[in-house]
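Positions 1 to 222 (my numbering) are the ones given, in order, by the sequence shown.
Since the structure comes first, as structure tokens, the remarks are kept for the end.
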Amino acid sequence: MKRSWARASGVLLAGGAALTAYVAWIRKWHLRWGATDEEIARAMPLDKEVPEPTYVTNRAITIEAGPEKIWPWIAQMGELPRGGFYSYLTVERLLRMKVANAERILPEFQDPKVGDALDRAGTMLVKAVVPGRMLVLGPPPMPDLQVTWAIGLYPAGDRATRLVSRCRARLARDAKGTLMFLILDPGQFLMERKMLLELKRRAELPSAIPEVTPSPVKAAGG
1 MKRSWARASG
11 VLLAGGAALT
21 AYVAWIRKWH
31 LRWGATDEEI
41 ARAMPLDKEV
51 PEPTYVTNRA
61 ITIEAGPEKI
71 WPWIAQMGEL
81 PRGGFYSYLT
91 VERLLRMKVA
101 NAERILPEFQ
111 DPKVGDALDR
121 AGTMLVKAVV
131 PGRMLVLGPP
141 PMPDLQVTWA
151 IGLYPAGDRA
161 TRLVSRCRAR
171 LARDAKGTLM
181 FLILDPGQFL
191 MERKMLLELK
201 RRAELPSAIP
211 EVTPSPVKAA
221 GG
């Protein structure tokens, strides 16, 4: 009996130590993976749509290409027949998403507009778009969930671009909200990191892509 109790206590202590290490170091690292202090402080479109978030991430990567080569891959994101989300297909399909990650530019999906649904369920809507610069996604209005996911392109020197991804969410403080948090953290990091790396790989391919001229912000209701 004493031996079993000692073993159980050891497991609990090890689990507690692992959780403490995750919260103290790993979580802080993945919530801002690749992002600078300046990028975290900088406002992005529709930040104010979630004024008091309970969950915020800022992640970024440098891509050795201009925004005009990156944007076409972002513009076509979404479930089939769109270009996918450039992440782990096995996980996405377990979530009942109908996806395939495109390895080429799809000309028919280069003009996302506010209100467009990028998934079959209609839970991932285009909330704002600046062609060539910015795409903001999120679900339709819900009483227990507010989310914006902004993907922005910022020139960074000679033919390099910073791709910055920000998620702001306000989750309900109940069992459903807790479950959603456990899914987001750290699952969202693993999926988003893969997406950023795959966008970088595609945009740095030598194939030529026509430039996209930036235009003013277009947002829902504005």
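Quick reminder that beta carbons are idealized off the backbone N, C-alpha and C, glycines included.
The alpha helix (DSSP H) with residue i in it runs from where to where?
| i | result |
| --- | --- |
| residue 195 | 187-203 |
| residue 90 | 89-94 |
| residue 70 | 67-75 |
| residue 31 | 27-31 |
Specify the secondary structure class of residue i as computed by DSSP and reduced to three states.
| i | result |
| --- | --- |
| residue 99 | coil |
| residue 127 | strand |
| residue 41 | helix |
| residue 142 | strand |
| residue 107 | helix |
Check the DSSP bridge columns for residue i and list the partner residues they point to.
| i | result |
| --- | --- |
| residue 50 | Beta-bridge pairing links residue 50 to no other residue. |
| residue 57 | 167 |
| residue 63 | 161 |
| residue 84 | 78 |
Could you please give the first and the last residue of the uninterrupted beta strand (DSSP E) stretch that includes residue i?
| i | result |
| --- | --- |
| residue 149 | 145-155 |
| residue 118 | Where residue 118 is concerned, there is no enclosing beta strand (DSSP E), given that its DSSP letter is neither H nor E. |
| residue 134 | 134-138 |
Within its chain, find whatever has a CB closer than 8 Å to the CB of residue i; leave out the 5 residues flanking it on each side and keep chain order.
| i | result |
| --- | --- |
| residue 27 | 185 and 186 |
| residue 32 | 40, 57, 58 and 59 |
| residue 140 | 122, 123 and 125 |
| residue 119 | 78, 79 and 97 |
| residue 103 | 202 |
CB-CB under 7 Å to residue i, same chain, minus the five flanking residues each way: which ones, in chain order?
| i | result |
| --- | --- |
| residue 127 | 46, 114, 136, 137, 138, 148, 219 and 220 |
| residue 161 | 63, 65, 66, 67, 70, 153, 154 and 155 |
| residue 203 | 63, 65, 69, 70 and 73 |
Going by beta carbon distance, what residues of the same chain come within less than 6 Å of residue i, once the five residues before and after it are set aside?
| i | result |
| --- | --- |
| residue 167 | 57 and 149 |
| residue 117 | 125 |
| residue 61 | 34, 163, 196 and 200 |
| residue 106 | 76 and 83 |
| residue 112 | 75, 126 and 129 |
Quick one: any contact between the stretch 74-81 and the stretch 30-41, if contact means 3 or more CB pairs under 8 Å?
no
Counting pairs of Cβ atoms below 8 Å between the stretch 79-91 and the stretch 185-204, do you hit three or more?
yes
Mind the definition here: the stretch 58-72 touches the stretch 116-135 only if three or more C-beta pairs lie below 8 Å; say whether that holds.
yes
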